[in-house]
Structures are given as structure tokens and as C-alpha cells.
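Same order as they appear, the protein sequences are chains A and B. My numbering applies: residue 13 is where the first sequence begins, and numbers increase by one. My numbering applies: residue 13 is where the second sequence begins, and numbers increase by one. A quick write-up on the structure given underneath.
Number of protein chains: 2
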Amino acid sequence: MGTGVRMAGRPALTVKRLMGVGPVAPLINRRFAGPFNTDFVRAAGTLPWPFSSQPRDFSLPNSSWGPEMMQLYEHYNSQCEVETDAGTTKKGPWRRLPSYNRILKYATGGVHLSKIIQSKARLFTRNIKVEGAAFEYVTFLNKEERRCVCVFQGGHLLEGPPGHVHGGAIATMIDTLTGTHASFLSGPVMTANLNINYRSPIPLGSTVLMESSLDRTEGRKTFLLCKVTSPDGSKIHTEATGLFLSISMRHLLGA
Amino acid sequence: MGTGVRMAGRPALTVKRLMGVGPVAPLINRRFAGPFNTDFVRAAGTLPWPFSSQPRDFSLPNSSWGPEMMQLYEHYNSQCEVETDAGTTKKGPWRRLPSYNRILKYATGGVHLSKIIQSKARLFTRNIKVEGAAFEYVTFLNKEERRCVCVFQGGHLLEGPPGHVHGGAIATMIDTLTGTHASFLSGPVMTANLNINYRSPIPLGSTVLMESSLDRTEGRKTFLLCKVTSPDGSKIHTEATGLFLSISMRHLLGA
């Protein structure tokens, strides 16, 4: 199990270029601008969280991200938009997926589902706002290669074994990455099975690279492979398979 | 997989008796009284958390626990101490396991390991102090039957699918319960494999009953079975197996 995970395109750990959050923010503001007038959104868009009234995108760098987390982020983020020979820019092979602490179905264009559930509910992986304390992660999708990668830095509130990330926190990130990947491949899905082999513990505060790749689909079933390694891929921390079942959202919501 | 889970001793959902936290607190105070003089400990022991300087035992009831959580708690807690024919009390078949947000090896008598790791580290399942918001759970051990049960109420900060507990939060509780059980059976262990079948989603705020039973041991390996059901056992939410490897703590700590 897990030996079939494809690990193509291992990044070299060099900072390609330092991109600010600027080029990304306007896109996000437009997407979630519904309740606001445009001028207000533009003004708010210039303010950093928590002063902005826009939802915070947790996938953007903050000061808690260590050098390895930043290097991997830059590696993939620099491939989201690439320069053409004519000097203009075009979409690259990777796409950074924004991440919020409410249920926002960015997969299908920002449908806000949380109105129908209790307003206090928050996404498990984004329920702690203190930067660097819990789950710091950013996910990138490569549509053509049917791959997703996630750069994950586990904070001090995720402790399991002394000084190391809890097995449940690792399982949570595997479920999050493979579930996100499956939803891009197959539409709305629910986790049916996770089979996780823990090879070596992950120290608190360290950064790991997670890769999800498509194994196969069978009717309503999407099978994924997932590997968690050290940033340069030399050390395997965890290997897993995930099985996801396609569902209709109405079914889950009891409608 | 999972079909071999033994479900003996299903509790009837009746409140047996209402036990306060009083009888338990003095024991805990004695166990962790190291840095304090005895008089101070006695005085502090009369104050509730957060006014007490004693570590908070998260396994004791709080006002966020719903009726189903309380009923299951009472069912097992009432069997921790039983009356003899002579009218005195003696140990019952079950034992409630205290639960802290630091690494406290209660399994071997309260050895405090967290001095050697960063002082900010907190156990993943106890990193949110707001009552009812995240993981509310209490674990009971039945040494003779080699079983552990856990009563778990998942709060609004554990959201995965809209209105339901995150698959990773369920995996976290399975890892926590089976890992605790394995450590009582086999001493210090690390999770080597979790294989989790998600049968039906768990609504936020609801209570589930989790049961862990010993499958077998093979050398350093301890195999456990785990089942997550509705409080009366009629609905299966999740079935899982866990494999744990015996380790020396020195190995994990790099000593």
C-alpha cells in the first residue's frame, strides 16, 4: 500500500521569487464580494486581516511560516502564473487553493453553505486563529497531472507523542488533502475509508510535504494515494490511501 | 474489517446516580501535588477550574455536556466504585481515566514529560479550553475485559462536511482511544497503522459511544478493534482497526 504514489516533480529547495499576497487578494475579494459594494471591497482589500472585513484566506503566508514552509510555498506559487515569450503572463500548471474557516465551496465558485448550519461552526483545520499554533498549510492543485500537494507545518497545539504531531492531526491533514483532491476530480464526495501507515513521527514545528495522486476511479468511488515526506522528499513520514464516495450535497444536508 | 468488534455490555440509557466531581478531585490533587505544600493543595482543591492552580481534568463533566453524554458518563462512572454487601465501597470493573492538556503519563503514575519539550505544547485533543466547542470526551478502562470505552461529544469547531464532524476529528478520537488502550495493555506505544471505515456521518453536537477491544498481540505489535456508534449502539458511524508498536520512550525522545 502506498508504494504506487507518484512523486514526480520533486521541488528543489530554492526560493524562486518572493511573491507578496497582493496579486492574489483582488481575485478573492471579487469572489466573495457579494454583500458589499465594490468600492468598499476595494478599500477593505488593502487592509490586512484582522482589520479587513473580508474572510481571511489561511493559505497565504504569515510570519509563523518557517524557511522550509516558505521555500515550498514559493516553489509552487511561482508556477501558478508564468511568463510567456511575449513578456505577458499566463496561467501556470499549478493553482493555489484558498482556505477559509467556514464552509465555502470554492470548488464550484464560492457557494456559501454555512448559512444553513449553525453560525458558530468552523472548519476543524482552521478553528485556531493564532498564527503558527496549529495547522499551517497551503494546498496546490495540478489539474493536468491530477495531483495535489500540500505544504504543512504542524504547530505546538497539535501534540500527540511528546514533541511530535498527533497521529490524528496527521490523519486530519491526509483527509483534508485527499478529500479536497477528490472533490476536484469527482465533485462532492464523502470520506469512506482512510488507511494510514505511520512510518516516522513528525516533530512539532517542522514542515512536511504532502502529495496526493489519483489511483483510480470506479463508478462513485475515487481512490487516492497520499505520501507525507520531509521537504526534500528524502524521509517518508506517512503513507496512506483514501477512498471517497461521490454524494449529492442535498443527501448530506438531509434535504 | 471491524466486524469482529465485541460489543458486550451495551449500557441502558438510564441515569444511575449523579456523582459530583468531589470524590475524584482529592486523588488528583495528591497525584500532582509535587511543587506545592500540602495545605495549599487542600485549599486549591476546593476551588473549581480555572481558579484552582491544579491541572484541569478534562474528563470531568461540565455544563456543555448534553443529556446523552451525561447518561453514558454516569453509566460507566457508577461502575468505578461499587458497594459491598457490608455497606462499604470497593473498586468496580471500570476506571475513569483523567485527561489533561499536557503530556502527563498517568499510565505509569503521573510522570510529567513536558519539561523536556517546548513548554507551549498542548495535547491536540485538549488544545481548546472553551467548554463544548471541540473535543468533549471521557474514557473508561475495563482491565479485566481488556476493553476501553470513550463517550465523545463533538463540538462546533470540529466541522468537516457541513454540519458534521470532520473525518480527521473522528480519526483523532479513534487514535486517542485505541492508543490509550494499547498503552494500558502493552506499555508505551506508537501508532503504526489506522484503517478507518466511515459508515455514516456524525452530526455536530451529538454524542457517540466509542469502544476499543483487543484483537491480538504479536511480539511488539498490539492490534485493536474500534467501533463508533450512536449512544444506544443502534447506528454504526465508524469502524476501525489500529496497530500499535511498543517503543521505549527514550527512543522517541532521541535520548
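A virtual CB, placed ideally from N, CA and C, is assigned to each residue, including glycine. As the structure is a prediction and not an experimental result, all values here were calculated from the model.
| query | Quick one: Cα of Trp77/B to Cα of Gly191/B, how far? | reply | By one-based count along the second sequence, residue 77/B stands at place 65. By one-based count along the second sequence, residue 191/B stands at place 179. Trp77/B and Gly191/B: Cα-Cα distance of roughly 24 Å.
| message | To the nearest angstrom, how far is the alpha carbon of Glu143/A from that of Gly167/A? | response | Here residue 143/A refers to the residue found at position 131 when the first sequence is read from its first residue. Here residue 167/A refers to the residue found at position 155 when the first sequence is read from its first residue. Whole-angstrom Cα-Cα distance: 9 Å.
| message | Which residues in chain A have a C-beta closer than 8 Å to the C-beta of Leu135/B? List them in chain order. | response | Taking the second sequence and counting its residues from 1, one reaches residue 135/B at position 123. Within 8 Å Cβ-Cβ: Glu171, Gly172, His178.
| Are the CB atoms of Leu221/A and Phe164/A nearer to each other than 9 Å? | As a working mapping, residue 221/A is identified with position 209 in the first sequence. As a working mapping, residue 164/A is identified with position 152 in the first sequence. Result yes, Cβ atoms of Leu221/A and Phe164/A sit closer than 9 Å.
| said: With a threshold of 8 Å on Cβ separation, who are the neighbours of Leu216/B within its own chain once the five nearest residues in sequence on each side are excluded? | reply: Mapped onto the second sequence, residue 216/B falls at position 204. Excluding sequence neighbours, Leu216/B sits near Gly166, Gly167, His168, Leu170, Glu171, Gly175, His176, Val177.
| Which residues of chain B have a Cβ atom closer than 8 Å to the Cβ of Ala98/A, listed in chain order? | Stepping through the first sequence from its first residue, residue 98/A is reached at position 86. Under the 8 Å cutoff, chain B gives no residues; its nearest Cβ is about 44 Å from Ala98/A.
| request: Pull out every residue of the region 206–222 of chain A whose Cβ sits closer than 9 Å to any Cβ of chain B, in chain order. | output: Leu206, Asn207, Ile208, Asn209, Tyr210, Arg211, Pro213, Leu216, Gly217
| task | Leaving out five residues on either side along the sequence, give the residues of the same chain with a beta carbon under 6 Å from the beta carbon of Ser224/B. | result | Within the second sequence, residue 224/B is the residue found at index 212, counting from 1. Same-chain partners within the cutoff: Cys160, Leu189, Thr190, His193, Leu236, Cys238.
| query | In terms of residue numbering, what span does the beta strand (DSSP E) encompassing Thr219/A cover? | reply | On the first sequence, position 207 is the one that residue 219/A refers to. Unbroken beta strand (DSSP E) run through Thr219/A: 219–230.
| said: Just to make sure I have the definition right: I need the residues of chain B whose C-beta is within less than 7 Å of the C-beta of Met272/A. Which are they? | reply: The shown model of chain A, from 13 to 267, leaves out residue 272/A, and the question about it has no answer.
| said: Can you tell me which residues form a DSSP beta bridge with Val142/B? | reply: Position 130 of the second sequence, counted from the first residue, corresponds to residue 142/B. Answer is none; Val142/B lacks a bridge partner.
| Taking buried to mean at least 16 other C-beta atoms within 10 Å of its own C-beta, is Glu86/A buried or exposed? | Here residue 86/A refers to the residue found at position 74 of the first sequence. Result: buried.
| query | Where DSSP assigns a beta bridge to Phe164/A, which residues make up the other side? | reply | For this step, residue 164/A is matched to residue 152 along the first sequence. Answer by DSSP bridge pairing, in chain order: Tyr149/A, Val220/A.
| task | Quick one: list the residues of chain B neighbouring Asp187/A, beta-carbon separation under 8 Å, in chain order. | result | Within the first sequence, residue 187/A is the residue found at index 175, counting from 1. Those are Gly172, His178, Gly179, Gly180, Ala183, listed as they occur along chain B.
| message | Below 8 Å, how does it come out for the region 196–213 of chain B and the region 240–254 of chain B: are there three or more Cβ pairs, yes or no? | response | yes
| request: Return the first residue and the last residue of the alpha helix (DSSP H) that Leu189/B is part of. | output: Numbered from its first residue, the second sequence carries residue 189/B at position 177. Unbroken alpha helix (DSSP H) run through Leu189/B: 179–198.
| task | Kindly list, in the order they appear in chain B, the residues whose Cβ is closer than 8 Å to that of Asn74/A. | result | For the purposes of this step, residue 74/A is identified with residue 62 of the first sequence, where counting begins at 1. Simply none; closest approach about 17 Å.
| task | Would you mind telling me which residues of chain B sit closer than 8 Å to Lys141/A, beta carbon to beta carbon, in chain order? | result | One-based indexing of the first sequence puts residue 141/A at position 129. In chain order: nothing, as chain B lies at least about 11 Å away.
| Check: Leu170/A C-beta below 8 Å from any heavy atom of the ligand FAD | Inclusion of the ligand FAD in the displayed structure is not the case, the ligand content being empty and no account of it being possible.
| request: On a CA-only basis, which of Asp69/A, Ile259/A, Tyr112/A, Pro243/A is nearest Ser218/A? Give me that one, please. | output: As a first step, residue 218/A is located in the first sequence; it is residue number 206 there, counting from the start. If we check each option's Cα against that of Ser218/A, Pro243/A comes out closest.
| task | Give the interface partners of Lys132/A over in chain B, defined as CB-CB distance under 7 Å, in chain order. | result | As a first step, residue 132/A must be located in the first sequence, where it is residue number 120. What Lys132/A touches in chain B: His168.
| message | Restricting to Cα atoms, I'd like to know which of Ala146/B, Ser71/B, Glu80/B is closest to Pro110/B. | response | Start at 1 with the first residue of the second sequence, and residue 110/B comes out as number 98. Residue Ser71/B is the option with its Cα nearest to Pro110/B.
| field | Selected residue, minimal CA-CA separation from Thr137/A, among Ile182/B, Lys155/B, Val94/B, Tyr149/B | value | Taking the first sequence and counting its residues from 1, one reaches residue 137/A at position 125. Out of Ile182/B, Lys155/B, Val94/B, Tyr149/B, Ile182/B has the C-alpha closest to the C-alpha of Thr137/A.
| field | Counterpart residues of Phe256/B in DSSP-defined beta bridges | value | Residue 256/B sits at position 244 when you count from the first residue of the second sequence. Its beta-bridge partners are Thr203/B, Thr234/B.
| said: Going by beta-carbon coordinates alone, are Thr184/B and Phe147/B separated by less than 9 Å? | reply: Walking along the second sequence from the start, residue 184/B turns up at place 172. Walking along the second sequence from the start, residue 147/B turns up at place 135. In contact: Thr184/B and Phe147/B (Cβ atoms closer than 9 Å).
| said: So that I know if they touch, is there some Cβ in chain A lying closer than 9 Å to that of Gly175/B? | reply: If you number the second sequence from 1, residue 175/B lands on position 163. Output row for Gly175/B: interface = yes.
| message | For Leu257/A and Thr241/B, what's the separation of their Cα atoms in angstroms? | response | Position 245 of the first sequence, counted from the first residue, corresponds to residue 257/A. Position 229 of the second sequence, counted from the first residue, corresponds to residue 241/B. Rounded to the nearest angstrom, the two C-alpha atoms are 21 Å apart.
| task | Can you say whether Gly231/B is buried or exposed, counting buried as having 16 or more other CB atoms within 10 angstroms of its CB? | result | Here the question's residue 231/B lines up with position 219 in the second sequence. Result: exposed.
| task | Please state whether DSSP places Tyr112/A in a helix, a strand or coil. | result | On the first sequence, position 100 is the one that residue 112/A refers to. Three-state DSSP puts Tyr112/A in coil, outside helix and strand.
| message | Please list the terminal residues of the continuous alpha helix (DSSP H) segment that includes Glu86/B. | response | Indexing the second sequence from 1 puts residue 86/B at position 74. From DSSP, the alpha helix (DSSP H) with Glu86/B extends over 79–89.
| task | Can you grab the Cα-Cα spacing for the pair Thr234/B / Glu157/B, in whole Å? | result | Your numbering for residue 234/B matches position 222 in the second sequence. Your numbering for residue 157/B matches position 145 in the second sequence. Their Cα atoms are separated by approximately 16 Å.
| field | Residue-level contact to chain B via CB, Thr101/A, 9 Å cutoff | value | Position 89 of the first sequence, counting from 1, holds the residue named residue 101/A. Chain B contact via Cβ: absent.
| Where Ile248/A falls: helix, strand or coil (DSSP) | By one-based count along the first sequence, residue 248/A stands at place 236. Three-state result, Ile248/A: strand.
| Would you report the Cα separation of Ile326/B and Glu93/A, rounded to the nearest angstrom? | No statement about residue 326/B is possible, as the shown extent of chain B runs from 13 to 267 and does not include it.
| query | Tell me, which residues are paired with Leu135/B by DSSP? | reply | By one-based count along the second sequence, residue 135/B stands at place 123. DSSP, once it has assigned bridges, lists Glu171/A as partnering Leu135/B.
| said: Quick check on Ala194/B - is its C-beta less than 9 Å from some C-beta in chain A? | reply: The sequence position of residue 194/B within the second sequence is 182, counting from 1. With 9 Å as the cut-off, Ala194/B does not count as an interface residue toward chain A.
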